[in-house]
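Line by line, the protein sequences give chains A and B.
To convert, take the position in the first sequence, counting from 1, and add 21; that gives our numbering.
To convert, take the position in the second sequence, counting from 1, and add 21; that gives our numbering.
Each residue gets a CB set at the ideal place from its N, CA and C atoms; glycine is no exception.
Working notes for the structure below.
There are 2 protein chains.
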Amino acid sequence: MSLVQLESFVAVAEAAHVGRAAARLRVSQPPLTRRIRSLEDELGVPLFERSARGMRLLPAGERLLVHARRILDAVAQAHDEVRRPGAALPEPE
Amino acid sequence: MSLVQLESFVAVAEAAHVGRAAARLRVSQPPLTRRIRSLEDELGVPLFERSARGMRLLPAGERLLVHARRILDAVAQAHDEVRRPGAALPEPE
DNA sequence: GGCGGCGATACCGAAACGGTATTGGCGATC
DNA sequence: GATCGCCAATACCGTTTCGGTATCGCCGCC
C-alpha cells in the first residue's frame, strides 16, 4: 500500500469514475485503473463495483475511504510541520 | 513523500545507523541512504546530522518522527480494518 | 440493434529502484 | 600524528516498475 495508491483511491471514490479521477490527478486513465486494481490485489478485497456507468464503492471501500483520508491528512500535516521552524520538541542543546 | 521513505526514516532514526537500519529492513545500505536523502530533498530540510559514528536526529527529524509513526500506525490499522468483515459503515443497500 | 461511454488490457519506451563495488572522511588507537 | 576501522556517500549497472498511446470488450441508452 502506497500513498499514491491511497490518493488514487480517494480520487476515484469521490469522482465515482476512473476517467474523471484521472483527469483530476493529471494522469491518464490506464495507470489509475492499474493502481486501483493493484490496491485491491494487495488487500485481497475488492473495493469498487464496476459498471458501465462508473465505479461504486463496496463496503470494504467505504471503510478504506475513512482511513485513507485520515492518512493523507496526516501526511499533509507532517509535511507542513516539519518545515515549520516553530519546533514542538525542545532540543537539549 | 512515500510510505517507504517514512518507514526507512523511522528505522534509521531508531537505529541511529544507516547500516543497522538497512539490515533490519532487509535491504542494503545504499538504497537506504538514498531514501533518506531524497526525503530530505523533498522536504527541503535536513533530518539527520551525519557523523563518523552514525546519524543523529535534528529538530526537524524529531518532529517528523512523531508524524511518521502516527502515519505508519494508521496505515497498519487501515490494512487490518479493510479486510475485517465486521463493517463499521452500514450500507444503505 | 447500433451508438456512446465506461473500465480493462496490450504494448512499448522512460524513469525509478536495488545491489555490488568503491570512495571519502572522521575517530579512535598506538 | 600516521594508521586502521567504521561509517555514510557515490558510481555504475541490471532489473523492475510505471506511465502513455492505442485498442478492446462490455453494458446501458436511444
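In the structure shown, S49(B) adopts coil according to DSSP, grouped into three states.
Counting along the chain, L93(B) sits inside the alpha helix (DSSP H) bounded by residues P80 to R104. Taking each of H100(B), A89(B), G40(B) and A34(B) in turn and checking the Cα distance to E70(B), the smallest one comes out for A34(B). In summary, the residues of the segment 51-78 of chain B whose CB is separated from some CB of chain A by less than 7 Å are L64, G65 and V66, in the order they occur in the chain. Counting other Cβ atoms within 10 Å of its Cβ, Q26(A) reaches 16 or more and is therefore classed as buried.
Taking the Cα of A81(B) as reference, the smallest distance to any Cα among A89(B), A97(B) and R74(B) is reached at A89(B). Under the 8 Å criterion on CB atoms, R104(B) is classed as interfacial with respect to chain A. Less than 8 Å separates the beta-carbon of R77(B) from that of A37(B). The beta-carbon of S49(A) is placed no less than 8 Å from the nearest beta-carbon of chain B. Secondary structure of G40(B) (DSSP, three-state): helix. Counting other Cβ atoms within 10 Å of its Cβ, E63(A) stays below 16 and is therefore classed as exposed.
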